[in-house]
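Q:
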Amino acid sequence: MPETKTAEILDGKACAAETRGGLKERVSAHTEKGNRAPGLAVVLVGDDSASELYVKNKITACKNVGIESFLHKYPADATQEEVMKCIKILNDSDTVDGILVQLPLPKHLSESEILEAMRPDKDADGLHPYNLGLLLTGKPGLRPCTPAGVMTLLDKYGVKLEGANAVVIGRSNLVGKPVALMLMQKNATVTICHSRTKDLKEVVRNADVLVVAIGKSKFVQGDWIKPGAVVIDVGIHYTKGDNEKSVITGDVDYAAASSVARMITPVPGGVGPMTVAQLLANTVCSYEKRLGLN
Ligand code: GUN
């Protein structure tokens, strides 16, 4: 019988726990010397259930490493002025080191105006144009959480990026564009694919490292994947399966892909926990910088 191989799991849950452990030690070393705790303000507008769950997880994670969190919750019909006023107050607050505006915002709000109103040194999500500019030019700064979390995971598992063909599916400011820049900075040859890409399957077939952030459940099929590739699945989808049971899937057909790939992230337990760990890391970095503790 032919041997069926299964890809090694890139365990984001374990890797994130390790990052959190390090952050917890760093925070307690500072607070034991009499410094205040780091503070993260989370702005949540509307009642999207997925966003509410993500925010709840982020707040719990803060608590576990000793970061104080401040939730600013607004109804779905909150005005641009109300949210902008909130950002201004948080910018000026002495106890807030990081600000996170959970995305997506309701359609009537200007996401770019709100992100740009944030002080770049409190931008815990690394999405302010100034921080994205630092990333583009290869300078240190606060990095977008999901892309930075992906890079930490690749590094942790010793994935060689130098000279590798890296393919990114998705071109969002949140994931696709920044992760492509980060892979390029590690000397990978990067191709960014999107909804208008021709012969997508053929491009994906060439990927030594594949990052999928397209937002469509099981979009990437097993036979698209190059044997031995490393697959990073950024997607997360909650659907009702048989017996009305909730089923969680990613952007990649996991069962099929894991018999072809060399390494793969599970969903859940792959990229998601890494995003949260990076948010905490960004907050602690901002805090240490503000208090002159580095
Ligand atoms: N929505 C989905 N992912 C993210 C993220 O990383 N940050 C923010 N602010 N919103 C998101």
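Note that the sequence shown covers residues 900 to 1193 in this note's numbering. Don't be surprised by glycine CBs; every beta carbon is placed ideally from N, CA and C. Since this is a predicted model, take the numbers as computed values, not measurements.
1. Here's a check: name, in chain order, each residue in its chain whose Cβ is nearer than 7 Å to the Cβ of V1078, leaving out the five neighbours to either side.
2. Does the segment 1154-1167 come close enough to the segment 1116-1129 to have 3 or more Cβ pairs within less than 8 Å?
3. What span of residues does the alpha helix (DSSP H) with N1064 cover, start to end?
4. Under the assumption that G1075 contacts G911 (Cβ atoms under 8 Å), give the Cβ distance between them as a whole number of angstroms.
5. Report whether the distance from the Cβ of C985 to the nearest heavy atom of the ligand GUN is below 6 Å.
6. If you compare alpha carbons, which of G921, I908, L1190 is closest to A1180?
7. Mapping the DSSP letters down to three states, classify A1087 as helix, strand or coil.
8. Looking at the structure shown, is K972 part of a helix, part of a strand, or coil, going by DSSP?
9. Between the Cα of Y953 and the Cα atoms of A915, R925, Q1001, which residue gives the shortest distance?
10. I'd like the span of the alpha helix (DSSP H) that includes Y1056, first residue to last.
11. Starting from the Cα of E1132, find the closest Cα among E1010, A1023, L1004, Y1153 and give me that residue.
12. Assign N1030 to one of two classes, buried (16 or more other C-beta atoms within 10 Å of its C-beta) or exposed (fewer than that).
13. DSSP has M1162 in a bridge; who is on the other side?
14. Which class does I988 belong to by DSSP, given the choice of helix, strand or coil?
15. Does the contact criterion of 3 or more C-beta pairs under 8 Å hold for the segment 955-963 versus the segment 974-983?
16. Since Y1036 and M1173 are thought to touch, with beta carbons under 8 Å apart, how far apart are those beta carbons, to the nearest angstrom?
17. Could you give the DSSP three-state label for V1175: helix, strand or coil?
18. Please report how far the alpha carbon of I908 lies from the alpha carbon of A940, in whole angstroms.
A: Short version:
1. As a working mapping, residue 1078 is identified with position 179 in the sequence shown. Taken in chain order, the residues that qualify are P1046, V1049, V1067, V1110.
2. As far as the Cβ criterion goes, the segment 1154-1167 touches the segment 1116-1129, which means the pair count is three or higher.
3. Numbered from 1 along the sequence shown, position 165 holds the residue referred to as residue 1064. Premise fails: N1064 lies in the beta strand (DSSP E), 1064-1068, not in any alpha helix (DSSP H).
4. The residue labelled residue 1075 in the question sits at position 176 within the sequence shown. The residue labelled residue 911 in the question sits at position 12 within the sequence shown. Wrong, their Cβ atoms sit about 19 Å apart, outside the cutoff.
5. Taking the sequence shown and counting its residues from 1, one reaches residue 985 at position 86. For C985, the Cβ stays outside the 6 Å cut-off from all heavy atoms of the ligand GUN.
6. Walking along the sequence shown from the start, residue 1180 turns up at place 281. Ranking the options by Cα distance to A1180, first place goes to G921.
7. What you label residue 1087 is simply residue 188 of the sequence shown in a count that begins at 1. Secondary structure of A1087 (DSSP, three-state): coil.
8. If you number the sequence shown from 1, residue 972 lands on position 73. Strand, per DSSP.
9. The count along the sequence shown starts at 1 and reaches residue 953 at position 54. Taking only the C-alpha atoms, the option nearest Y953 is Q1001.
10. Residue 1056 sits at position 157 when you count from the first residue of the sequence shown. In this chain, Y1056 is not harboured by any alpha helix (DSSP H), its DSSP state being neither H nor E.
11. The residue given as residue 1132 occupies position 233 in the sequence shown. The question names Glu, but residue 1132 is Asp in the sequence shown. Nearest of E1010, A1023, L1004, Y1153 to D1132, Cα basis: Y1153.
12. Here residue 1030 corresponds to residue number 131 of the sequence shown, with the count starting at 1. Classification for N1030: buried.
13. The residue given as residue 1162 occupies position 263 in the sequence shown. In the DSSP output, where bridge partners are listed per residue, M1162 has E907, V1129.
14. Counting from one through the sequence shown, the residue named residue 988 turns up at place 89. In this structure, I988 counts as helix in the three-state DSSP scheme.
15. no
16. Here residue 1036 corresponds to residue number 137 of the sequence shown, with the count starting at 1. Here residue 1173 corresponds to residue number 274 of the sequence shown, with the count starting at 1. Rather than Tyr, the amino acid found at residue 1036 in this sequence is Thr. Between M1173 and T1036 the Cβ distance is about 24 Å, and since that is not below 8 Å, they are no contact.
17. As a working note, residue 1175 is residue 276 in the sequence shown. Helix, per DSSP.
18. Here the question's residue 908 lines up with position 9 in the sequence shown. Here the question's residue 940 lines up with position 41 in the sequence shown. Their backbone Cα atoms lie some 33 Å apart in a straight line.
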